[in-house]
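Asks: For what it's worth, the numbering used here labels the leading residue of the sequence shown as 24, then goes sequentially. Glycine included, each C-beta is placed from N, C-alpha and C at the ideal position. These numbers come from a predicted model, not from an experiment. One structure follows; several queries about it will come next.
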Amino acid sequence: MQPLPRGAQFLRSKVLWELALGVAGDPSIPYQGNRDIGVVIGNGSQETFKPSLRLSPGSAVLSHAVVGGELEAAFVNPSAILSLSKD
Numbered sequence: 024m025q026p027l028p029r030g031a032q033f034l035r036s037k038v039l040w041e042l043a044l045g046v047a048g049d050p051s052i053p054y055q056g057n058r059d060i061g062v063v064i065g066n067g068s069q070e071t072f073k074p075s076l077r078l079s080p081g082s083a084v085l086s087h088a089v090v091g092g093e094l095e096a097a098f099v100n101p102s103a104i105l106s107l108s109k110d
């Protein structure tokens, strides 16, 4: 396996990627395709699956998903959020 570039975002993504790689990892998917991953932790011992923790790495847009309740946590670059303008 090739080494990842340096940086915190790549390290966080590597953890999530390794978990999902065996199920959904396909390095041939184009950049604009479904390449983003998420991890859902929950309880599947009942009649329906009940998620309790949903995580994903990505852009600052994911902060809106956290606020809206779609995710409990997201790994994003905080400087991207601070640089957003209200133009």
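Measuring alpha carbon to alpha carbon, tell me which of V38, L105, A96 and V84 ends up nearest L76.
Replies: By 1-based counting over the sequence shown, the position of residue 76 is 53. It is A96 whose Cα lies nearest to the Cα of L76.
Asks: CB-CB under 8 Å to Q25, same chain, minus the five flanking residues each way: which ones, in chain order?
Replies: Mapped onto the sequence shown, residue 25 falls at position 2. The answer is none, since no qualifying residue turns up.
Asks: Taking DSSP as the reference, what is the three-state secondary structure of L76?
Replies: The sequence position of residue 76 within the sequence shown is 53, counting from 1. Reduced to three states, the DSSP call for L76 is strand.
Asks: Below 8 Å on the Cβ atoms is my guess for L78 versus G92; work out the distance and round it to an integer in Å.
Replies: Within the sequence shown, the letter at position 55 stands for residue 78. Within the sequence shown, the letter at position 69 stands for residue 92. With a Cβ gap of about 14 Å, L78 and G92 do not count as contacting.
Asks: Given the structure, does L94 come close to the ligand SAM, in the sense that its CB is under 7 Å from one of the ligand's heavy atoms?
Replies: The model on display carries no ligand, and the ligand SAM is accordingly not part of it.
Asks: If I follow the unbroken beta strand (DSSP E) through A97, where does it start and stop?
Replies: As a working note, residue 97 is residue 74 in the sequence shown. A96 to F98 is the extent of the beta strand (DSSP E) around A97.
Asks: Would you say N100 and A83 are within 8 Å of each other, going by their C-beta atoms?
Replies: Your numbering for residue 100 matches position 77 in the sequence shown. Your numbering for residue 83 matches position 60 in the sequence shown. Yes. Within cutoff.
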